[in-house]
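In the numbering used here, the protein residues as written are 915 to 1080.
Built from N, CA and C at the ideal position, the CB exists for glycine as well.
Now the structure itself:
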């Protein structure tokens, strides 16, 4: 993991703003997330989390599932922002190798909210598979942090989901 400072952190801000615009397009009822893929300082892919085909008919965001304790499961019906950004870049003929992906989430007031954990194995695998070099997040301590894709994937798999009590 590396913390970005100075001009690198300032440059990242413009890409987080682009990811924020994407997050505002989300149709998910649980979380509004956005991602952009950047290569050579240009956005080559964009995505937000929403149900398949961006169709609310496929939305099951607020359903509760009876999932056994300790079983890892993605509780959303949505295609993740990172997955959509990868597909968007590829569908437009861009190569994602050696690119960076910026991710953000919005709170209930539509404000960007920093991250405090690496936990999505769905996205970490997709980013690694797309040969994207690094995953960049705004962290809860106010820093901008970047992880190589393989480290992001490893840490996501190590995260232990808290067991929810009914």
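Would residue i and residue j qualify as a contact pair, given that the criterion is a beta-carbon distance under 8 angstroms?
{"i": "residue 1019", "j": "residue 962", "result": "no"}
{"i": "residue 1046", "j": "residue 1058", "result": "no"}
{"i": "residue 1001", "j": "residue 1015", "result": "no"}
{"i": "residue 1052", "j": "residue 1063", "result": "no"}
{"i": "residue 929", "j": "residue 1026", "result": "no"}
Measuring alpha carbon to alpha carbon, tell me which of the options ends up nearest residue i.
{"i": "residue 974", "options": "1003, 1058, 991 and 924", "result": "991"}
{"i": "residue 1023", "options": "922, 932, 944 and 917", "result": "944"}
{"i": "residue 933", "options": "1044, 921, 918 and 949", "result": "949"}
{"i": "residue 1028", "options": "921, 925 and 946", "result": "946"}
{"i": "residue 1044", "options": "1003, 1068 and 925", "result": "1003"}
{"i": "residue 1067", "options": "1033, 1056 and 955", "result": "1033"}
{"i": "residue 1092", "options": "1065, 1060 and 1026", "result": "Nothing about residue 1092 can be read from this structure; the chain reaches only from 915 to 1080."}
{"i": "residue 1017", "options": "1006, 994 and 1005", "result": "994"}
{"i": "residue 1030", "options": "1056, 1005 and 1006", "result": "1056"}
Under the rule that 16 or more other beta-carbon atoms within 10 Å means buried, what is residue i, buried or exposed?
{"i": "residue 966", "result": "exposed"}
{"i": "residue 1070", "result": "buried"}
{"i": "residue 964", "result": "buried"}
{"i": "residue 960", "result": "buried"}
{"i": "residue 917", "result": "exposed"}
{"i": "residue 919", "result": "exposed"}
{"i": "residue 1072", "result": "exposed"}
{"i": "residue 1054", "result": "exposed"}
{"i": "residue 936", "result": "buried"}
{"i": "residue 921", "result": "exposed"}
Based on DSSP bridge pairs, tell me the residues matched to residue i.
{"i": "residue 1052", "result": "1058"}
{"i": "residue 993", "result": "964"}
{"i": "residue 946", "result": "1020"}
{"i": "residue 1015", "result": "951 and 1049"}
{"i": "residue 1029", "result": "1053"}
{"i": "residue 916", "result": "1060"}
{"i": "residue 957", "result": "952"}
> Below 8 angstroms, can you find three or more Cβ-Cβ pairs linking the region 958 to 970 to the region 1032 to 1039?
Replying inline: no
> Is the region 1002 to 1010 touching the region 933 to 945, taking contact as three or more C-beta pairs under 8 angstroms?
Replying inline: no
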